[in-house]
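Numbering (the numbering used here), first residue to last: 1 to 203.
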């Protein structure tokens, strides 16, 4: 259970992240996928991560300390087209360096908008994670925004694409920031990852 959550630091350079001396869980997704809302729902703090109607709001690596024990990291969204190409390349370099070099990173939650058919950019990002050995887990967001049936259809289509690429579907969660759907399952899974890290099972 997340009882305490506080902002620690924002930066553009993965080398300036806090000392890698505790478990770290990162959240990433396409712009406007509902990442900030999900983080706020999980932590129970409505203003912890900055939400915006304007895609591309998160432009930094944001570290939050959870329960004085582990870090939750809010990463910039990928695939936002309306930004300067140079800025975009800088973001992509920052994100890829962080995801591949951060030694205390024990889980990366890739957020997918459950209202949409499988998006090429999400599939490409997950393929990159697979080839780079990044420990990715899927989190389908905005499950309350359409019928349960439609959500399930889109999720099954996405999982089928994952099986086509990787021969198996990754672990996944279905969430809604509005109704707090998936909160318990997701926080329990994160706690397991943190415990595994602390017991030395994940190095």
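For every residue, glycine included, the Cβ atom is placed at its ideal position computed from N, Cα and C.
Short Cβ contact (9 Å threshold) for residue i with residue j
i: residue 129; j: residue 196; result: no
i: residue 38; j: residue 175; result: yes
i: residue 149; j: residue 21; result: no
i: residue 109; j: residue 134; result: no
i: residue 144; j: residue 29; result: no
i: residue 178; j: residue 102; result: no
i: residue 151; j: residue 111; result: no
i: residue 99; j: residue 26; result: yes
i: residue 137; j: residue 64; result: no
i: residue 5; j: residue 50; result: no
i: residue 91; j: residue 71; result: no
Residues bridged to residue i [DSSP beta-bridge criterion]
i: residue 138; result: 110 and 172
i: residue 147; result: Looking at the DSSP assignment, residue 147 forms no beta bridge with any residue, so it has no partner.
i: residue 30; result: 78
Residue i, buried or exposed, once every other Cβ within 10 Å from all chains shown has been counted against 16
i: residue 124; result: exposed
i: residue 163; result: exposed
i: residue 47; result: exposed
i: residue 95; result: buried
i: residue 34; result: buried
i: residue 207; result: Nothing in the structure corresponds to residue 207, since the chain is present only between 1 and 203.
i: residue 43; result: buried
i: residue 10; result: exposed
i: residue 36; result: buried
i: residue 203; result: In this prediction, residue 203 has a pLDDT of 45, which is less than 50 and means its spatial position is unreliable; nothing more can be read from the coordinates.
i: residue 62; result: buried
i: residue 1; result: exposed
Top-ranked residue by Cα proximity to residue i, from the options
i: residue 97; options: 3, 16 and 1; result: 16
i: residue 154; options: 13, 70 and 117; result: 117
i: residue 3; options: 146, 67, 180 and 36; result: 67
i: residue 157; options: 192, 187, 70 and 119; result: 119
i: residue 32; options: 12, 172, 65 and 76; result: 76
i: residue 189; options: 198, 165, 173 and 199; result: 173
i: residue 219; options: 74, 14 and 69; result: Past the edges of the chain, shown from 1 to 203, lies residue 219, and the structure says nothing about it.
Check: residue i C-beta below 8 Å from any heavy atom of the ligand ZN
i: residue 5; result: Of the ligands one can find in the structure shown there are none, so the ligand ZN has no counterpart to examine.
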